[in-house]
Amino acid sequence: MTLAVNPDAALCELASAGDTKAFAALVLLHQGAVRNQLRRLAQGDLALADDLAQETFIQAWQHLAEFKGQSKLASWLYRIAYNRFLMHRRSQPASTANQALADCITDPSSNDAHRSALRLDVTAAMGQLPETERIAMIHCYYLDLTNEEAAQVLGLPPGTLKSQLFRGKARLRELLAAWAPTT
Amino acid sequence: MNNEAEKPIQGAADWLDELLLSARSAPVADEGFTARVMQQLPTRLTPAQLQEAVTRSQRQSRRLEMFTWVGAIVGSAVAFGTGNWLNADELNAAIAAMLELRPVSSQFLAPWLATIGSAALLGWVLQKS
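Protein sequences, first through last, are from chains A and B. Everything in the first sequence is counted per the numbering used here, starting at 1 for the first residue and increasing by one. Everything in the second sequence is counted per the numbering used here, starting at 1001 for the first residue and increasing by one.
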């Protein structure tokens, strides 16, 4: 049994053959990451993020046989989710929901005042970035992706992603200067 | 970012990197999400069922093609039987008239309409069945 070596590969194989229990296990394994990605992309609109996440997993179920294991399953799911988000954005105006507010509601550790304040400031600063830079930052800092993987998910050349990260970080440095360590 | 070597701004101790990483939110709890997805999951064809559907579709396509040919041949035979085929000069004149959007004689159109009509009718009957 290869389950212990690579649970994704074994579960994918079973799910591709129509095993719904294996697919449920895959959803359980990856729902947190995909919903986190979509919550950040949707800027805290939890209902929208969950709707898109649901569509993402349904699409994954329908096309699982096309996943050849050339990338991580998580990256493949992120790519589907990002495309669902883009499709939604084309048909609907941008959400005005607040990520920080959503985080405070859903994060059990939000009673930690320092951490909550930090999260609020970071979220507010991220909200001021141009969308392309914000999306690049989300994928590289919050989703455990390497630059190369993030570029694949976003369908960008690695150089473009790096430029977006560079500009995003430069802007964040200014916006979050109050959090910089004093020397 | 889990790959320090790939950071566009060098310096593992970059305060901004640390700040952003420490501002990550807690993992999203499932809270029934997986169950909701599984309820919405459409039934998917197994590879065997998929193969069967493809075979059925190919068979139908071949039947449609066969009936179209039969229709065309029958239609042509019917048209030929009427003896209304044009000679080469008449045919050229009729085509020229058609290209110039002038009226075309029914003697030219009848056999072709009969051919196309027969093929379409047989195709339609096949689709219905």
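All C-beta atoms in this analysis are idealised placements derived from N, C-alpha and C, irrespective of residue type, glycine included. Computed from a prediction, not measured in an experiment: that's the story for all the values here.
In angstroms, rounded to a whole number, what distance separates the CA positions of residue i and residue j?
i	j	result
Trp1069(B)	Pro7(A)	54 Å
Arg79(A)	Pro1042(B)	21 Å
Thr82(A)	Trp1112(B)	Checking the displayed sequence, the identity of residue 82(A) turns out to be Tyr instead of Thr. Rounded to the nearest angstrom, the two C-alpha atoms are 54 Å apart.
Ser1076(B)	Ile1095(B)	19 Å
Met126(A)	Arg134(A)	6 Å
Ala9(A)	Lys72(A)	9 Å
Ser16(A)	Leu1121(B)	42 Å
Phe85(A)	Gln1039(B)	22 Å
Thr146(A)	Val153(A)	11 Å
Ala177(A)	Leu1021(B)	16 Å
Leu1016(B)	Gly32(A)	25 Å
Ile58(A)	Val1054(B)	23 Å
Trp61(A)	Val1028(B)	21 Å
Tyr142(A)	Glu1052(B)	44 Å
Ser1030(B)	Arg1059(B)	It should be noted that the sequence gives Asp, not Ser, for residue 1030(B). For Asp1030(B) and Arg1059(B), the distance between alpha carbons rounds to 46 Å.
Leu165(A)	Leu26(A)	31 Å
Thr56(A)	Leu29(A)	14 Å
Arg184(A)	His139(A)	The requested residue 184(A) does not occur in the structure, where chain A is confined to residues 1 to 183.
Pro158(A)	Glu1100(B)	58 Å
Ala1048(B)	Arg1056(B)	12 Å
Gly168(A)	Leu1064(B)	59 Å
Glu174(A)	Phe23(A)	44 Å
Ala1152(B)	Gln54(A)	Only positions 1001 to 1129 of chain B appear in this structure, which leaves residue 1152(B) out of reach.
Glu148(A)	Thr160(A)	11 Å
Ala1088(B)	Phe67(A)	60 Å
Thr132(A)	Ala170(A)	14 Å
Arg1102(B)	Gly1081(B)	27 Å
Asp144(A)	Asp1014(B)	18 Å
Asp121(A)	Glu1018(B)	14 Å
Met1098(B)	Asn1092(B)	10 Å
Val1037(B)	Asp112(A)	33 Å
Assign residue i to one of two classes, buried (16 or more other C-beta atoms within 10 Å of its C-beta) or exposed (fewer than that).
i	result
Val1125(B)	exposed
Thr123(A)	buried
Asp45(A)	buried
Gly155(A)	exposed
Ile1073(B)	exposed
Ile105(A)	Residue confidence is low: Ile105(A) scores 48 on pLDDT, short of 50, so the model does not pin down where it sits. Its coordinate-derived value is still stated next. Looking at its Cβ environment, which holds fewer than 16 other Cβ atoms inside 10 Å, Ile105(A) is exposed.
Ser1118(B)	buried
Lys21(A)	exposed
Gln128(A)	exposed
Arg1062(B)	exposed
Asp50(A)	buried
Ala184(A)	In the structure as shown, chain A begins at 1 and stops at 183. Residue 184(A) is therefore absent and cannot be evaluated.
Leu1050(B)	exposed
With distance defined between alpha-carbon atoms, name the residue in the options nearest to residue i.
i	options	result
Ala195(A)	Ala1053(B), Met1098(B) and Phe1033(B)	There is simply no residue 195(A) to check, as chain A begins at 1 and stops at 183 in what is shown.
Pro130(A)	Gln92(A), Glu148(A), Leu172(A) and Leu154(A)	Leu172(A)
Gln92(A)	Ser163(A), Phe166(A) and Ala42(A)	Ala42(A)
Ala1023(B)	Phe67(A), Arg134(A) and His114(A)	His114(A)
Val34(A)	Ser16(A), Ala74(A) and Ala15(A)	Ala74(A)
Thr1115(B)	Met1098(B), Gln1051(B), Gly1071(B) and Ala1093(B)	Gly1071(B)
Ser116(A)	Ala1026(B), Asp1017(B) and Trp1015(B)	Ala1026(B)
Gly18(A)	Ala170(A), Trp76(A) and Ala65(A)	Ala65(A)
Ser163(A)	Ala53(A), His88(A), Asp50(A) and Ala136(A)	Ala136(A)
Glu1090(B)	Val1104(B), Ser1057(B) and Val1037(B)	Val1104(B)
Leu52(A)	Trp76(A), His63(A), Met87(A) and Ala24(A)	Met87(A)
Glu13(A)	Gln54(A), Gln37(A) and His63(A)	His63(A)
Asp118(A)	Ala180(A), Trp76(A) and Phe23(A)	The residue you asked about is not Asp; residue 118(A) is Leu in the sequence shown. Nearest C-alpha to Leu118(A): Ala180(A).
Asn36(A)	Glu148(A), Lys68(A), Thr160(A) and Leu77(A)	Leu77(A)
Arg89(A)	Leu120(A), Leu11(A), Leu38(A) and Asp112(A)	Leu38(A)
Gly187(A)	Leu11(A), Asp112(A) and Leu120(A)	Any property of residue 187(A) remains undetermined from this structure, which presents chain A solely from 1 to 183.
Gly1123(B)	Met1066(B), Ala1097(B), Leu1109(B) and Ala1110(B)	Met1066(B)
Inset, instruction - Please go through the segment 1012-1099 of chain B and give each complete alpha helix (DSSP H) segment of 4 or more residues, from N-terminal end onward. - result: 1015-1022, 1033-1040, 1047-1082 and 1088-1099
Legend entry - Entirely enclosed alpha helix (DSSP H) segments - the segment 32-98 of chain A, minimum 4 residues: 46-63 and 73-91
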